[in-house]
Amino acid sequence: MASDTLSASARADAEISGLDALEIAGREKGPSRVRRLWSATWPKLAALALAVAIWQAVVWSGWKEPWALPGPAVVFGDLGEYLLSSALWEGLATTARRAAVGFAAAVAVGLLLGLGVARVKVLRAALGSMITALQTMPSIAWFPLAILLFQLSEQAIFFVVVLGAAPSVANGVIHGVDYVPPLLVRAGRNLGARGLNLYRYVIAPAALPAIVAGLKQGWAFAWRSLMAGELLVVIATRTSIGAQLTYARELSEAPRLMAIMIVILVVGLLVDTAFGAADKAIRRRWGVLDQAGN
Amino acid sequence: MTSTSTTPRSATGSVALRGVTKVYGQGEQAVLALDGLSLDVAPGEFVCMVGASGCGKSTLLNLVAGLDRASGGAIELGEGVNPGLMFQEPALFPWLTVEGNVEVPLKLRGLPRDQRKERVSELLRTVHLSEFGRKRPHQLSGGMRQRVALARTLALETPVLLMDEPFGALDAMTRDILHDELERIWTERKLTVLFVTHNVREAARLADRIVLLSSRPGRIIYSTEVAVPRPRRIDSPEVSAIAAEVTDRLRKEVGRHGQ
């Protein structure tokens with residue numbers, strides 16, 4: 001009898017593992033890493049080459065004087081020089097610090113605001129649509145008021161950066177919390193997660209992808225607001241990327257102006273890529289990445 | 001689970017429903033989902049509730065689990081018992097691995113790390129998923145996910161297991177195997193199971209007792225002991241005979257709504 005039950009359980013084991021093996025067979029296959037990287041990179045490189053080619057063609061056509069629109073060779077030459085100068089790095093340091101502080105403040109405000117609106121009915125009724133409305137306001141339109149309030153100071157810049165970026169972050173949080181699957185909340189409560197623990201173990205992680213999307217969008221707004229701010233609020237004692245862009249225009253240094261623009265573009269792209277990578281990593285963990293790896 | 005209608009009782013794994021009523025909405029639009037439902041489940045008993053749509057099966061399990069509050073009547077559980085609830089979908093946390101999912105209730109109970117690790121590997125052994133601890137839910141099949149959910153519920157170490165059509169979305173082969181598994185775990189751990197299903201054969205395969213619920217509002221209209229010795233097979237003549245009898249009753253109940 002004992003050997004009977006033993007063999008029965010051994011048979012059950014074999015059946016189960018057999019079924020498991022059949023059901024998950026062939027689920028984890030994909031192209032190699034190098035191949036994936038290459039297939040993601042070459043279209044970008046091709047697009048970049050095309051853009052430079054068009055630029056060069058326009059310059060050769062003689063549409064504008066070379067002092068107004070220099071060609072790629074001149075601009076990249078100046079960019080090389082600019083990269084070696086201390087001006088760039090001092091300016092970049094100021095700008096990066098402002099971006100970090102401004103964005104951090106925007107994230108803090110956005111998270112609090114979003115959580116409040118998501119959880120408190122009155123706040124939602126009062127602020128829900130206002131947050132979206134705030135998002136449609138071009139941030140540069142805030143600067144006159146900011147300058148009145150804070151004069152030509154960093155506070156004026158931070159004020160606008162926070163107003164520009166916080167609504168996106170808040171919307172990400174609201175969206176994330178709203179769309180936490182109710183089933184997961186019920187499961188979490190049944191497993192013993194109440195109050196703060198429910199947030200820690202279920203709601204926060206479930207809302208994370210939407211929050212990261214909000215952060216990514218918030219960053220784009222923060223960076224734009226910051227650049228607008230640095231163009232308008234030039235503090236003479238402190239060099240920044242935006243201030244240098246303004247000087248380059250005032251001095252008609254077209255190659256330098258375009259070199260700075262390239263730097264601004266690259267910095268924005270780098271941070272955006274970092275957010276994109278975080279977003280992708282989360283979605284991969286969740287198993288919601290599609291076949292193409294997007 | 002400190003809903004006002006839940007009071008302690010001595011026998012640990014028992015579930016007692018005393019005239020449980022649940023009304024959704026108010027005034028004219030109020031819907032009576034459960035109407036004075038009474039049921040005693042003995043410790044260690046396996047009760048299957050069968051009913052057509054709208055009989056309030058899921059509502060009832062939510063009430064027993066303490067996720068919702070009854071409008072009237074009382075639900076009596078053993079002292080300090082938090083029933084574990086399983087759904088038709090595994091409801092696993094996609095951001096955690098299989099191990100991480102099973103660990104959640106242990107973390108919430110404040111178990112130290114080394115004990116958690118030990119318990120998790122024991123639970124994964126119980127559901128035959130020891131090799132899959134590091135996988136994520138999306139990498140598993142439906143049946144495997146449901147076993148992870150079972151292990152996670154067992155981690156609550158509760159004597160009462162509530163199951164809301166847990167195998168409803170699985171293919172027949174997988175379901176058969178999971179029936180065997182559930183029966184084994186129920187026996188080993190001396191659990192009390194309240195199992196909701198619309199599949200009469202499944203009820204006859206698993207239950208000590210089958211309870212039939214009427215629809216709109218839910219009331220118990222029929223109850224039968226399943227005196228077929230275990231282990232059972234879902235396709236055995238004895239199980240089929242019981243299923244046929246319950247199906248007849250169920251059809252009669254459904255027919256009542258057509259008139």
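So the sequences go chain by chain: S and V.
Numbering follows the UniProt record's numbering, with no gaps: position 15 of the first sequence is 15.
Numbering follows the UniProt record's numbering, with no gaps: position 140 of the second sequence is 140.
Backbone N, C-alpha and C fix where the C-beta goes; we use that ideal spot for every residue, glycine too.
No experiment lies behind these values; they were computed from the predicted model shown.
Exercise. Answer with buried or exposed for Ile211 of chain S, where buried requires no fewer than 16 other C-beta atoms within 10 angstroms of its C-beta.
Key: The residue given as residue 211 of chain S occupies position 211 in the first sequence. By the Cβ neighbour-count rule, Ile211 of chain S is buried, with 16 or more other Cβ atoms within 10 Å of its own.
Self-check item: is_contact[Thr2 of chain V, chain S] using C-beta, thresh 7 Å
Solution: The sequence position of residue 2 of chain V within the second sequence is 2, counting from 1. Summary for Thr2 of chain V: the model assigns pLDDT 40, below 50, so the residue's position carries little reliability; its value from the coordinates is reported in the next sentence. So no, Thr2 of chain V is outside the interface.
Quiz prompt | Ala236 of chain S, DSSP secondary structure in three states | solution = Within the first sequence, the letter at position 236 stands for residue 236 of chain S. Of the three classes helix, strand and coil, the one that applies to Ala236 of chain S here is coil, per DSSP.
Quiz item: Of the residues V:Leu92, V:Arg119, V:Arg116, which one's Cα is nearest the Cα of Ile147 of chain V?
Solution: To locate residue 147 of chain V, count along the second sequence from 1; it is residue 147. Correcting the residue identity first, residue 147 of chain V is Arg in this sequence and not Ile. Nearest option by C-alpha distance: V:Leu92.
Exercise. Using three-state DSSP, classify Gly66 of chain V as helix, strand or coil.
Key: Working through the second sequence from its first residue, we reach residue 66 of chain V at position 66. Residue state, collapsed to three classes: coil.
Practice problem: Using a cut-off of 7 Å between C-beta atoms, extract the partners of residue 322 of chain S located in chain V. | Solution: Missing from the structure shown is residue 322 of chain S; chain S here goes from 1 to 294 and no further.
Quiz item: Just the Cα atoms here: how many angstroms apart are His198 of chain V and Val50 of chain V?
Solution: Looking up residue 198 of chain V in the second sequence gives position 198. Looking up residue 50 of chain V in the second sequence gives position 50. One C-alpha to the other measures close to 5 Å.
Quiz item: Helix, strand or coil for Ser252 of chain S per DSSP?
Solution: As a working mapping, residue 252 of chain S is identified with position 252 in the first sequence. DSSP places Ser252 of chain S in coil when its eight states are reduced to three.
Quiz item: So, is the C-beta of Ala292 of chain S closer than 7 Å to a C-beta in chain V?
Solution: Against the first sequence, residue 292 of chain S aligns to sequence position 292. Note that Ala292 of chain S scores 42 on pLDDT, short of 50, meaning its location in the model is unreliable; the coordinates nonetheless yield the value given after this. No, its Cβ sits nowhere closer than 7 Å to a Cβ of chain V.
Quiz prompt | the stretch 61-77 of chain V contacting the stretch 157-174 of chain V, beta-carbon criterion three pairs below 8 Å | solution = Contact between the stretch 61-77 of chain V and the stretch 157-174 of chain V is present, because at least three Cβ pairs lie under 8 Å.
Self-check item: Close-in-space but distant-in-sequence residues of the same chain around Asn294 of chain S (CB under 6 Å, 5 per side omitted)
Solution: As a working mapping, residue 294 of chain S is identified with position 294 in the first sequence. Because Asn294 of chain S carries a pLDDT of 42, less than 50, the predicted location of this residue cannot be relied on, and the following value inherits that uncertainty. So no residue of the chain qualifies.
Quiz item: Quick one: what does DSSP say Arg209 of chain V is sitting in, helix, strand or coil?
Solution: Reading the second sequence from its first residue, position 209 is the one you call residue 209 of chain V. Three-state DSSP puts Arg209 of chain V in a strand.
Exercise. Return helix, strand or coil for Arg15 of chain V, following the three-state DSSP convention.
Key: Looking up residue 15 of chain V in the second sequence gives position 15. Arg is not the amino acid found at residue 15 of chain V; the sequence shown has Val there. Secondary structure at Val15 of chain V: strand, using DSSP grouped into helix, strand and coil.
Quiz item: In chain S, which residues lie with their C-beta within 8 Å of the C-beta of Asp235 of chain V?
Solution: Mapped onto the second sequence, residue 235 of chain V falls at position 235. Chain S residues near Asp235 of chain V: none, gap ~16 Å exceeds 8 Å.
Quiz item: Under a three-way DSSP split, which group does Ala74 of chain V fall into?
Solution: Indexing the second sequence from 1 puts residue 74 of chain V at position 74. The three-state reading of DSSP puts Ala74 of chain V in strand, counting E and B together.
Quiz item: Looking at Arg119 of chain V and Leu106 of chain V, is the spacing between their C-beta atoms short of 7 Å?
Solution: The sequence position of residue 106 of chain V within the second sequence is 106, counting from 1. The sequence position of residue 119 of chain V within the second sequence is 119, counting from 1. Taking 7 Å as the Cβ cut-off, Leu106 of chain V and Arg119 of chain V qualify as a contacting pair.
Self-check item: Expected contact under 8 Å - CB spacing of Ala165 of chain S and Ala106 of chain S to nearest Å
Solution: Your numbering for residue 165 of chain S matches position 165 in the first sequence. Your numbering for residue 106 of chain S matches position 106 in the first sequence. Right, their Cβ atoms sit about 4 Å apart.
Exercise. Under 6 Å Cβ to Cβ from Thr174 of chain V, same chain only, skipping five residues before and after it: list those, please.
Key: Counting from one through the second sequence, the residue named residue 174 of chain V turns up at place 174. Within its own chain, the residues whose Cβ lies closer than 6 Å to the Cβ of Thr174 of chain V, once the five positions on either side in sequence are excluded, are Gly143, listed in chain order.
Exercise. Can you give me the Cβ contacts of Leu69 of chain S inside the same chain, cut-off strictly under 8 Å, excluding the 5 residues immediately before and after it?
Key: Translated into the one-based positions of the first sequence, residue 69 of chain S becomes position 69. Here the set comprises Val58, Val59, Trp63, Ala254.
Quiz item: Where Lys252 of chain V and Gly56 of chain V are concerned, what is the direct C-alpha to C-alpha distance, given to the nearest angstrom?
Solution: Residue 252 of chain V sits at position 252 when you count from the first residue of the second sequence. Residue 56 of chain V sits at position 56 when you count from the first residue of the second sequence. Each residue's alpha carbon lies about 18 Å from the other.
Quiz prompt | Environment of Val202 of chain S [buried if 16+ CB atoms lie within 10 Å] | solution = If you number the first sequence from 1, residue 202 of chain S lands on position 202. Val202 of chain S is buried by the Cβ-count criterion.
Quiz item: Which residue's Cα is closest to the Cα of Ala248 of chain S: S:Met137, S:Val34, S:Tyr82?
Solution: Your numbering for residue 248 of chain S matches position 248 in the first sequence. The shortest C-alpha separation from Ala248 of chain S is found at S:Tyr82.
Quiz item: Taking the continuous beta strand (DSSP E) assigned at Leu79 of chain S, which residues delimit it?
Solution: Within the first sequence, numbered from 1, the residue matching residue 79 of chain S stands at position 79. For Leu79 of chain S, there is no enclosing beta strand (DSSP E); the residue is part of the alpha helix (DSSP H) that begins and ends at 72-84.
Quiz prompt | Ile242 of chain V (DSSP reduced to helix, strand or coil) | solution = Along the second sequence, one-based indexing puts residue 242 of chain V at 242. Helix, per DSSP.
Quiz item: CA-CA distance, Glu245 of chain V and Leu212 of chain V?
Solution: Walking along the second sequence from the start, residue 245 of chain V turns up at place 245. Walking along the second sequence from the start, residue 212 of chain V turns up at place 212. So the alpha carbons of these two residues sit roughly 11 Å apart.
Quiz item: Quick check: the stretch 15-24 of chain S against the stretch 132-143 of chain V, are there 3 or more CB pairs under 8 Å?
Solution: The stretch 15-24 of chain S, when compared against the stretch 132-143 of chain V, does touch it at the 8 Å Cβ threshold.
Exercise. For chain S, find out if any of its Cβ atoms is closer than 7 Å to the Cβ of His257 of chain V; answer yes or no.
Key: Along the second sequence, read from residue 1 onward, the residue named residue 257 of chain V stands at position 257. Taking Cβ atoms only, chain S never reaches closer than 7 Å to His257 of chain V, which makes this a no.
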